[in-house]
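Reviewing the structure listed below.
Numbering (mature numbering (1 follows the signal peptide of the UniProt record, and there is no 0)), first residue to last: -20 to -1, 1 to 443.
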C-alpha cells in the first residue's frame, strides 16, 4: 500500500508539471539566416569541367564552443549506461577495459568521420537536411531510404527510453516494473507527447548533461570506495545475479565483441543532425566545422570510456543492460543518478517522439494539409502504445541498442555518408578527393560487415 501511495504522489507531481506545460503559448517563429547562405551552383569553369558549388561562409550563427557543447549533449545520452554490458558480453576479466577503450576510440573516430562527411556533402550541395543531402547527391527517387531509416532508428530510441524509464522509476519507487511503466505512460508521457508546442521543454535538455556528469562522478565514488566489493557495505542489497562477478576470460578477438561495437554505433549516433550543425555554425568553413566535429567526438570518447570502465570494473560480467540496475536501491548517490536520468528522459521523450511521429506520417505519405490534430493525436496514442508494449516484452535495453546499431546505426553512420560523398565527388568532378572517397567506402564496407555479424550476435545474445 505504501508503494502505491508513492507512485500516485509522483504521478500527481509530474501531472501538474505537464498541465502547466500545456498552458505555454507557442513562441513566434524566428527565421534562420543560416539556411540561405549556400549558393546553388557556380558557373561552368573555363575550358569545360563539371559544375561545382560556390560555398559562402555565414556571418551569423553559433560559436565553436557552443556547438561543441550542444553536439556532446546530443551524443552522450542514456545509451552510455548500457556500454558496460557490451564489455560483459565478451569478457569478465578487468583487463578487458583496455581493448574495450580502444574499440570505443576507433568507433568514435569512424563515427566522427561520417558526421564530417555529411556536413561536407551539405557544403558541396547546399542541402539542409539528411534527406536533402541524399536527394542532391545520390538521387531524389531513393531519398525515402535514409528518411525511413532515420524514422525507424528514432522509434528504437523511443523504445529504449521507455525501457529505461520503466527500470528507473520502478527502482526509485520500489514498485513492479510493468505497472509503473503503464502508469507513467498514461499519466505523464502521453500528455507530454500530445503537446503541440515543445519549446517549453527545451531547457530540460540541459538536465541530461548534468545528469550524466553527476552519474559519472557517483559511479567513480562507488568504484573507489569499494561499496560493491565482496566485503562492501552495499553489495548485500543487490540481487545475486547483479552482484560483481570477475574472472580471467577476455574474448575481445571473438565475434562477441561486435555487440559492443554495434552498441557504440548507437551511442555515437547524432548524424541526422549533422546538416543542422553545419548550417548553424558561425563562419561555417569546413575547417571550422571539422574543429567542432573533432572536439565533440573527442570529448564524447573520453566520457564514454570513463563511464564504461567504471561500470565494468565495478560489476564485471554481471553488468546489466542498464548499469544503474546493478546499484542498490538504498544507495543515496545512485538514487540521485536515477532521479536525474528519469527526469531528463521524461522531458526529452516528447522531443524524440515528435520526430518519430512526423517521420511516420512522411512514410505514410500523409500530406501536410491533412495532418489534422485528430490524426496526430491518434497516431500519438498508437505509437506510444506500441513502444510501451515493446518495453514490457523486452527487458534488456542493451539488446535494443546493439540491434539498432548493427542495422540502422551502421547504415546512417558509415554507409549512407560514404555513398553520398562518393556521389557528389563524382558529380562535381572533384578528383582530388578520390583518396578520401576510398577511405569512406572502406569505412562503409567495415560498417556493413560489422552490422551483419553484429545483428546475428545481438539476436543470439538475447536468446
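Every residue gets a Cβ at the ideal spot worked out from N, C-alpha and C, and that includes glycine.
Nearest candidate by alpha-carbon position, reference residue i, set the options
i: residue 151; options: 271, 68, 194 and 316; result: 316
i: residue 311; options: 212, 72, 259 and 235; result: 212
i: residue 231; options: 92, 219 and 71; result: 71
i: residue 481; options: 67, 50, 81 and 124; result: Because residue 481 is not part of the residues shown, which for the chain are -20 to 443, the question remains open.
i: residue 405; options: 179, 421 and 427; result: 421
i: residue 196; options: 347, 414, 280 and 96; result: 280
i: residue 226; options: 293, 165 and 261; result: 293
i: residue 74; options: 203, 440, 235 and 419; result: 203
i: residue 439; options: 415, 418 and 382; result: 382
i: residue 207; options: 346, 416 and 224; result: 224
Cutoff 7 Å; reference residue i; Cβ partners in own chain excluding five residues on either side
i: residue 351; result: 341
i: residue 107; result: 101, 113, 116 and 255
i: residue 238; result: 430, 433, 434 and 437
i: residue 221; result: 298
Buried or exposed (CB count within 10 angstroms, at least 16 for buried), residue i
i: residue 205; result: exposed
i: residue 229; result: exposed
i: residue 210; result: exposed
i: residue -20; result: With a pLDDT of 44 at residue -20, under the threshold of 50, the modelled position of this residue cannot be trusted; read the value that follows with caution. Burial call: exposed.
i: residue 298; result: buried
i: residue 190; result: exposed
i: residue 411; result: exposed
i: residue 265; result: exposed
i: residue 395; result: buried
i: residue 348; result: exposed
i: residue 260; result: buried
i: residue 168; result: buried
i: residue 183; result: exposed
i: residue 273; result: buried
i: residue 179; result: exposed
i: residue 122; result: exposed
i: residue 484; result: Past the edges of the chain, shown from -20 to 443, lies residue 484, and the structure says nothing about it.
i: residue 427; result: buried
Distance, residue j Cα to residue i Cα
i: residue 156; j: residue 148; result: 11 Å
i: residue 24; j: residue 388; result: Bear in mind that the predicted position of residue 24 carries a pLDDT of just 33, short of 50, making it too unreliable to give a figure here.
i: residue 84; j: residue 424; result: 18 Å
i: residue 233; j: residue 357; result: 49 Å
i: residue 162; j: residue 368; result: 7 Å
i: residue 271; j: residue 242; result: 26 Å
i: residue 296; j: residue 187; result: 29 Å
i: residue 143; j: residue 245; result: 19 Å
i: residue 391; j: residue 286; result: 27 Å
i: residue 459; j: residue 93; result: Residue 459 falls outside the range modelled here, since the chain spans only -20 to 443, and no answer is possible.
i: residue 329; j: residue 103; result: 31 Å
i: residue 403; j: residue 118; result: 6 Å
i: residue 373; j: residue 380; result: 12 Å
i: residue 269; j: residue 307; result: 40 Å
i: residue 109; j: residue 132; result: 17 Å
i: residue 69; j: residue 46; result: 37 Å
i: residue 128; j: residue 384; result: 14 Å
i: residue 217; j: residue 324; result: 26 Å
i: residue 235; j: residue 441; result: 11 Å
i: residue 88; j: residue 398; result: 16 Å
i: residue 158; j: residue 370; result: 11 Å
i: residue 111; j: residue 258; result: 15 Å
i: residue 141; j: residue 346; result: 27 Å
i: residue 444; j: residue 194; result: No statement about residue 444 is possible, as the shown extent of the chain runs from -20 to 443 and does not include it.
beta-carbon residue i near the ligand FMN non-hydrogen atom, thresh 6 Å
i: residue 437; result: Inclusion of the ligand FMN in the displayed structure is not the case, the ligand content being empty and no account of it being possible.
Contacts around residue i, its chain only, beta-carbon distance under 8 Å, and the 5 residues preceding and following it disregarded
i: residue 319; result: 152
i: residue 288; result: 60, 63, 64, 66, 67, 77, 80, 81 and 84
i: residue 275; result: 44 and 48
i: residue 360; result: 170, 173, 174, 333 and 337
i: residue 400; result: 97, 98, 101, 113, 114, 117 and 118
i: residue 160; result: -14, 146, 149, 150 and 153
CB-CB length for residue i against residue j, believed under 8 Å
i: residue 200; j: residue 290; result: 6 Å
i: residue 198; j: residue 314; result: 6 Å
i: residue 321; j: residue 304; result: 7 Å
i: residue 54; j: residue 253; result: 6 Å
i: residue 181; j: residue 331; result: 6 Å
i: residue 362; j: residue 51; result: With 8 Å as the limit, residue 362 and residue 51 do not qualify as a contact, their Cβ atoms being about 33 Å apart.
Residues near residue i in its chain [Cβ-Cβ closer than 6 Å; skip 5 each side]
i: residue 336; result: 134, 135 and 138
i: residue 301; result: 62, 65, 376, 377 and 378
i: residue 91; result: 248 and 393
i: residue 282; result: none
i: residue 354; result: none
i: residue 165; result: 368
i: residue 309; result: 151
i: residue 339; result: 131
Closer than 7 Å to chain D by CB, residue i
i: residue 80; result: Among the protein chains of the structure shown there is no chain D, as only one such chain exists.
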